[in-house]
Amino acid sequence: MPFSRRDFLQHAGGLLGAGILAGTRLAHAAPMAMPMRRKAAMLAAPDVPLVNPVSLAHFVDPLPIPSLAQPAGTHTHPGYPGRTLPYYRMEMRAFEARLHRDLPPTPLWGYAGSFPGPTIRAAKDAPLLVEWVNALPSSHFLPIDHGVHGAERDKPDVRAVAHVHGAKTAADSDGFPEAWFAPGQSALYAYPNAQDASTLWYHDHALGITRLNIYAGLAGAWIIDDAHEQSLGLPAGDADIPLLLCDRFVAQDGQLYYPVSDDPAAPWVMQCNGNLTLCNGRIFPYHEVEPKAYRFRLINAANSSYFDLSLSNGRALVQIGSDQGLLPAPAERARITLYPAERAEVLLDFSGMDGQTLILRNQEQDILQWRVRDRGGKNVASFALPAKLRDVPRLDPKHAVRERLLTLEETDDADGNAMQMLLDGKHWHDPVAETPRVGDTEIWSFINLSGDTHPIHLHLVRFQVLDRRPFDLFAWATRRKLVYTDPAEPPPAHEAGWKDTVRCDPGLVTRIIARFDGEPGRYVWHCHMLEHEDNDMMRPFDLLPAPKPRA
Ligand code: C2O
Ligand code: CU
Ligand code: CU
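Under our numbering, read the sequence shown as residues 77 to 627, first letter to last.
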């Protein structure tokens with residue numbers, strides 16, 4: 077029996093997606109002239125019995141802390157003539173891991189045979205090289221849709237290309253989606269790390285199967301440190317921990333289950349909201365901590381779910397950083413909403429909490445339990461967080477050389493099942509339209525015509541959120557006129573820092589501003605809901621050389 081996507085989420089016990097779907101759908105809003113490539117399809121009922129989250133004991137597995145990647149030696153690179161740089165080798169391999177004490181081992185793919193992969197930790201301005209090695213098997217274990225761009229039958233099933241999300245690299249080291257390589261092949265990429273301290277992450281980016289490769293486990297953390305941040309004396313060492321969050325469906329035999337449509341010829345589905353939340357690859361883990369302050373780097377590595385995070389003791393979370401490093405000032409938040417690919421760094425002070433426990437929750441569901449060791453209450457001094465974390469000079473819209481109006485669109489069938497998503501009405505293979513020049517400051521205005529929130533990500537640049545503003549959908553649909561209906565909302569405190577992924581809600585124009593610095597070349601921008609990105613919500617952009625000064 078076919079299910080609508082709403083039925084499916086309820087059937088699977090997945091509460092995560094419910095919030096996304098709850099908003100009013102702006103049906104027939106988008107002026108769609110696109111030829112339909114796919115027939116409408118409903119979600120199929122899973123063909124295997126799935127693990128029910130209610131059946132799993134909470135807090136029986138210790139939280140895995142990803143190992144720190146170590147260089148395998150040094151190496152040269154054409155981008156750094158006359159130098160040798162630290163050289164890391166990251167082999168993508170199939171392996172098995174237990175996601176929970178009471179589940180059979182789960183076959184996964186991971187960098188260095190682990191999920192999350194080892195954390196790469198680099199100092200600002202200390203370049204390094206990574207050889208990304210595809211040592212995966214030659215067949216995929218998740219359902220490829222050969223009708224999706226770049227995943228046609230003439231391509232190898234297993235393709236991989238690594239991208240460091242949020243890193244400023246040259247185009248030939250950025251993991252362009254078409255620069256994938258097959259098992260037995262590798263690519264040597266250079267990372268300048270010439271950017272502020274931040275929590276980045278690396279993940280697969282192969283065209284048309286990114287959602288499957290990341291779902292299989294190809295993701296890890298990448299952290300950049302700098303002197304300014306170190307001068308603040310934030311918790312470090314074993315008190316500085318990345319928490320990579322994602323969700324999955326797991327079959328009772330331990331295999332990952334990835335949802336499919338009821339059309340075997342077109343299995344792609346518009347979103348995947350698993351019913352089990354994984355924190356560093358484990359379901360409901362616990363983490364023993366000292367009664368002192370910790371820094372947790374939350375990364376949303378889910379395919380399409382957002383996380384709505386809060387603490388079980390009702391205290392606010394203290395957010396100190398976002399996608400591209402520290403905020404100007406700490407922001408206290410009762411709940412932190414994190415969309416796919418967004419990061420939030422939080423400071424949690426366990427001093428004086430000897431012997432107590434605390435739970436990190438997603439909505440009302442447990443994710444992770446902290447157990448504070450009893451040191452007899454000797455450490456009662458809580459960590460003194462500086463009131464100011466760093467300068468984030470605001471980019472001035474007056475300095476923008478252009479504003480690009482870019483629509484976010486979705487083609488739905490009559491039941492509201494999306495068939496594909498597009499950026500500015502264009503497909504991946506359409507000619508490049510966004511062509512900033514080196515040094516240009518630009519405003520990109522995302523006009524969301526769809527009924528879903530889309531987290532939009534730009535490679536290469538960091539940006540600031542300017543504002544969000546409701547607009548008249550009818551005026552756009554009939555006259556292609558942007559008519560605002562309400563005043564613009566400036567970004568809240570937790571969005572006052574540098575970002576690389578921005579939440580774009582339905583019915584709003586979300587404006588960002590960026591200065592396009594970097595190596596000229598071809599990069600991408602896309603929705604970071606991986607199902608959308610794969611079909612067809614991703615576009616190339618070209619960074620053009622700066623104009624020659626006139627003689
Ligand atoms: Cu997280 Cu195009 O990347
Ligand atoms: Cu990226
Ligand atoms: Cu999207």
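Glycine residues also receive a C-beta, built at the ideal position from the N, C-alpha and C atoms. Note that the structure is predicted; figures quoted are calculated from it, not measured.
In this structure, DSSP gives residue 256 a state outside helix and strand, which the three-state scheme calls coil.
Not one heavy atom of ligand 2 sits closer than 6 Å to the Cβ of residue 279. For residue 331, there is no enclosing alpha helix (DSSP H), as DSSP gives it neither H nor E.
Every residue whose beta carbon comes nearer than 7 Å to a heavy atom of ligand 2 appears here in chain order: 239, 241, 242, 533, 535, 576. In this model, residue 614 and residue 588 are separated by some 17 Å (Cα to Cα). Distances from the CB of residue 378 to the heavy atoms of ligand 1 are all 6 Å or more.
Under the DSSP assignment, residue 291 falls in the alpha helix (DSSP H) whose first and last residues are 286-292.
Counting along the chain, residue 229 sits inside no alpha helix (DSSP H), nor does DSSP assign it H or E at all. Annotation: residue 265 to residue 454 spans about 48 Å, alpha carbon to alpha carbon.
For residue 554, there is no enclosing beta strand (DSSP E); the enclosing alpha helix (DSSP H) has its first and last residue at 549-555.
Between the stretch 267-285 and the stretch 354-369 there are fewer than three inter-stretch CB-CB distances shorter than 8 Å, so the stretches are not counted as touching. DSSP lists 532 as the bridge partner or partners of residue 578. If the five residues before and after residue 616 are omitted, its C-beta is found closer than 6 Å to the C-beta atoms of 508, 598, 600, all from its own chain and listed in chain order.
Beta-carbon to beta-carbon, residue 459 and residue 430 are separated by about 16 Å, too far to satisfy the 8 Å threshold.
Only residues of its own chain outside the window of five on either side were considered, and among them 142, 295, 296, 297, 320, 356, 357 have a CB closer than 7 Å to the CB of residue 192, listed in chain order. For residue 245, no pairing in a beta bridge is given by DSSP. If you check the CB distance, residue 168 and residue 236 come in under 7 Å. In the displayed model, residue 306 falls within a helix according to three-state DSSP. DSSP, read as helix, strand or coil, puts residue 338 in coil.
For residue 205, the enclosing beta strand (DSSP E) begins and ends at 204-210. Membership of residue 618 in the beta strand (DSSP E) is indicated by the continuous run 614-619. For residue 578, the closest C-alpha among the options 538, 285, 403 is that of 538.
Closest option to residue 318, judged by alpha-carbon separation, among 247, 500, 372, 480: 372.
Nearest to residue 503 by alpha-carbon distance, out of 515, 487, 513, 517, is 487.
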